[in-house]
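Each remark here refers to the structure printed beneath this line.
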Amino acid sequence: MEKLTFEGLQQRQKALSEKAASAHVSQLLICGGTGCHATGSIKVIDAMKEEIRKQGLTDKYEVVETGCNGFCAMGPILVVHPEGVFYQKLKADDVPALVQEHLIDGKHVEKLLYKDPNTKKRIPLQDDIPFFSHQMPRVLRNKGLIDPESIDDYIRRDGYLGTAKALLEMTPEAIIGEVKTSGLRGRGGAGFPTGLKWEFASKSPSEVKYVLCNADEGDPGAFMDRSILEADPHAVIEGMIIAAKAINAHQGYVYARTEYPLAIRRLQKAIDQAKELGLMGENILDSGFDFELEIYQGAGAFVCGEETALMRSIEGKRGMPRPRPPFPAHKGLWEKPTILNNVESFANVAQIIVNGGQWYASVGTEKSKGTKVFAISGDVNNIGLVEVPMGASLRSIVYDVGGGIPKKKKFKAVQLGGPSGGCIPEQYLDTPVDYDEIAKVGAIMGSGGVIVMDEDTCMVDMARFFMDFIQDESCGKCTPCREGTRRFLQLLEKICDGKGIPEDIDALEEMAVVIKDTALCGLGQTAPNPVLSTLRYFRDEYEAHVLEKRCPAKRCVNLLKFEIDPDNCTGCGMCFKACPADAVIWKKKEKAVIDKEKCVKCLTCFAKCKFDAIN
Amino acid sequence: MAYSTHPQHPDIDNEMWASIDEIIGRYRHKAGSVIAALRECQNVVGYLPPLLMDYIGRGLNLPPSDVYGVASFYALFSMEPKGRHTIKVCMGTACYVKGIKEVMSRITNAYHLEEGGTSLDRRFSLEAVRCLGACGLAPVMVVDADTHGDVKSDKVLDIIETYE
Ligand SMILES: Cc1cc2nc3c(=O)[nH]c(=O)nc-3n(C[C@H](O)[C@H](O)[C@H](O)COP(=O)(O)O)c2cc1C
Ligand code: SF4
Ligand code: SF4
Ligand code: SF4
Ligand code: FES
Ligand code: FES
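Protein sequence lines, in the order shown, are assigned to chains R and E. First residue of the first sequence? That's 30 in my numbering, and the numbers climb one at a time after it. First residue of the second sequence? That's 406 in my numbering, and the numbers climb one at a time after it.
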């Protein structure tokens, strides 16, 4: 295929948008993200294509498989574009009626519309649904609107204009200047200023340099990077090309989690398409600048998200961190100057170049500019991927966007920053999304995982959970982290088992200081955070476990009696029906009793009992 | 091209050896490609018997200790044979908060399986994995290539039973 020049790109963009405007074709945007694939969207897409053909509507409607729409818990999702009607939880069987009623008769299909969990009202338009209306899509501007496997869809929406501008009109200094003006800080967790990082690497003298993208997304409960790659892979590619020009590198790698096959496939396809059009490879857009990009798959080690470990892993070695300095900007991959940025960081760059750093910085707080993508999950009504301006409060994320806590349960805490982060309780929910403000209340911005926890979550158990993760993922290179996390875990397990003594709590606090100060890499240095933040806000729960041998949230198996309180039991029988071990003895209208011999302590009945009768 | 005579192994047939040679051929001149080569070979055989790792090492011109070192560092690699079906239960935070503990204990009890273990009849291998990136559907379980969302402890066995 013919390689594009700048004029060629502009003409193509113009032709594509004119065609879209004149064609009078509505698009049926069906989500094809990992989440919706799992809930059956491929069948819905096939059924839709078939029905459109059968009804002779192919010249009026086009079925488009998009990346993650964002509202994953409601999948499979269809948005009728441009009118913006949102249908959720579709099944292939719903399709014929939907085509007849909506597309032919022009009526909404009520039962497939979104129902607000609080007002119980149906809301037809996506933009009116609170989950969407409080967001500000910038990084996610193409999310759910384009086919991520079509480069023309991307070009139509001003794709590659940032690359063109950077390669043809800007010097490396100008690019770095614009990124510095934007105030963009790394979205992978630490929040280091991106422009500054690029400046260091640009000044590092070397013929060979590398641009790396961190798509390892190791924090459990985070799926921002996966969704970006699945929904808009070219945005990430553009960011990398522009970074390459800024530091004068000609080779890049995306280090991707192997657990993300769909993201990897779409990214590879995007790279291939970009190459075909001359937007990647030699002499991009006839600018004289060359850049090649390869995907490198990880192999399931959390610590490889750490920058020096990631580089070792690309070199084919065990992914163990090394001390810094030397910093990667001087000695990185294969000992050459290297920059590493997160997926979301790169996905911001092209728009900063097109619209200017000032435009970017017009949103946000004094020290945290632009928007941030979060993955909200846990005990919250609206689970999914969201993008809000920096400065929005955590409360608005949990309640306005997230729709609050389901089943009338009480909010307990929101966890930010994964295993390096912390829990924030109710009294600090008005904290704004801002790197420094979040750090003040004992958590970190992190990469964007937001896990909402209700009153049934045991905070000691959560601390144990994170420590189990860290202990398991510690690479073992340095003693404070290897031994310290093991000791931490032992203590937490002891407390959860009801064998804790008051001194154990003090020991946790003392050890935290040692690990923080002496561990080699971020994994060990931040390992105590989940313990410290839960101790800070939920010390009473630790004390209940230690002093009263009681787990207030009823999650720690060894502190539970597995007895039913006859005063609270209504005899509803839910526990009986749910028990996998036939351990509940119950007859209609009688109170239930647990046969402790048979009980396997699976906790299923605790979740089922609505009357809090099981102890 | 074979990189030394093919050793005998009950789980590796001639067709597999041919694929393995093809993989090594592609990577032998590429620095740092041992992880990719191990991954692809594991996809062919299902796991990495020591004798296969030795063979890969010879093919890539690496000492066996380097190959073992890498294979044992990364969780993706298994040196034990797997069951016909692999059950991956997500132990990520979102799934944990949504009750994956109950799901896991159902599975371990029903099939007398341990985390990381394989059932005696080699029907199932059970793995606890960290976040599958489908947290929107938590709790999540992946059996072979199928992602199952919203798996509650009272439904999980029905799902698993469909995999013979
Ligand atoms: C243990 C550990 C795991 C990490 N995992 C990730 C990750 O999965 N994704 C990521 O982008 N950054 C991760 N980081 C941060 C990276 O080391 C690095 O700071 C980041 O990728 C830089 O990009 P940014 O400046 O654009 O954020 C991790 C750091 C540590 C210490
Ligand atoms: S702090 Fe932990 S993960 Fe980091 S190098 Fe030391 S042992 Fe490895
Ligand atoms: S804990 Fe599990 S096994 Fe025990 S009674 Fe409840 S449901 Fe049955
Ligand atoms: S679910 Fe609760 S209230 Fe209902 S029978 Fe069981 S213990 Fe009693
Ligand atoms: S995967 Fe479909 S909405 Fe996220
Ligand atoms: S925590 Fe289970 S899929 Fe993310």
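Just so it is clear, CB atoms sit at the ideal spot from N, CA and C, and this is done for glycine as well. Owing to the predicted nature of the structure, the values given are computational and were not obtained by experimental measurement.
- Of D526/E, D559/E, G504/E, the smallest CA-CA separation from C608/R is found for D559/E.
- Taking the Cα positions, S46/R is about 31 Å away from A121/R.
- Taking a beta-carbon distance threshold of 7 Å, V629/R counts as an interface residue toward chain E.
- Distances from the CA of G191/R to each of I71/R, I59/R, L314/R, D248/R were compared; the closest alpha carbon is that of L314/R.
- Using a C-beta cut-off of 8 Å, the stretch 227-247 of chain R makes contact with the stretch 271-279 of chain R, since at least three inter-stretch Cβ pairs fall below that distance.
- One thing to note: V481/R has its Cβ no nearer than 7 Å to the Cβ of A421/R.
- For E207/R, none of the residues of chain E pass the 7 Å Cβ criterion, the least Cβ distance being about 32 Å.
- Sequence-distant Cβ neighbours of V545/E in its own chain, meaning closer than 6 Å and more than five residues away, are C495, C500, L537, A539, G554.
- For G474/E, the C-beta contacts it makes with chain R under 7 Å involve R347, in order along the chain.
- Interface annotation for the stretch 281-293 of chain R against chain E: T287, E288, Y289, criterion Cβ-Cβ distance under 7 Å.
- Across the structure, P352/R and T367/R are spaced so that their CA atoms are roughly 16 Å apart.
- Here T400/R is actually not in contact with R186/R; their C-beta atoms are around 17 Å apart, not less than 8 Å.
- Short of 7 Å from the beta carbon of A251/R, and not among the five residues preceding or following it, lie these beta carbons of its own chain, in chain order: A404, G447, S476, G477, G478.
- At least one CB atom of chain R sits nearer than 7 Å to the CB of A480/E.
- Only R444 from the stretch 442-455 of chain E bring a Cβ to less than 7 Å from some Cβ of chain R.
- Cα atoms of I429/E and Q380/R: separation of roughly 42 Å, rounded to the nearest angstrom.
- For C638/R, the Cβ falls inside the 6 Å cut-off from some heavy atom of ligand 4.
- Around R579/R, the same chain offers A573, L588 as residues with beta carbons nearer than 8 Å, after the five sequence neighbours per side are excluded.
- Note that the stretch 122-141 of chain R does not touch the stretch 279-297 of chain R; fewer than 3 beta-carbon pairs, one per stretch, sit closer than 8 Å.
- In the three-state reduction of the DSSP assignment, N384/R falls in the helix class.
- Under a 10 Å Cβ-count criterion, G521/E is classified as exposed, with fewer than 16 other Cβ atoms of the shown protein chains found around its own Cβ.
- Using a cutoff of 6 Å, the CB of R511/R counts as near ligand 2, since one of the ligand's heavy atoms is closer than that.
- With a 10 Å radius around the Cβ and a threshold of 16 neighbouring Cβ atoms, V542/R comes out exposed.
- In this structure, V439/E and L465/E form a Cβ contact; the two beta carbons are roughly 6 Å apart against a cut-off of 8 Å.
- Residue A219/R holds the alpha-carbon nearest to the alpha-carbon of G551/R among Y189/R, A219/R, F160/R, L142/R.
- The beta carbon of A543/E sits closer than 7 Å to some beta carbon of chain R.
- Using a CB distance cut-off of 7 Å, P357/R does not count as an interface residue toward chain E.
- Listed along chain R is no residue with a C-beta nearer than 9 Å to that of N466/E; the closest approach is about 12 Å.
- Contact between V472/E and M458/E holds, since their C-beta atoms are separated by about 5 Å, short of 8 Å.
- Membership of H574/R in the alpha helix (DSSP H) is indicated by the continuous run 558-576.
- Residues of chain R whose Cβ lies closer than 7 Å to the Cβ of H490/E do not exist, since the nearest Cβ in that chain is about 17 Å away.
- For G513/R, the enclosing alpha helix (DSSP H) has its first and last residue at 508-525.
- In the DSSP assignment, V472/E falls within the unbroken alpha helix (DSSP H) covering 469-478.
- Ligand 3 approaches T633/R closely enough that one of its heavy atoms is under 6 Å from the residue's Cβ.
- Under the Cβ distance rule, T633/R counts among the residues neighbouring chain E, one pair being separated by less than 7 Å.
- Sorting A260/R, Q117/R, E395/R, A556/R by C-alpha distance to the C-alpha of F494/R places A556/R at the top.
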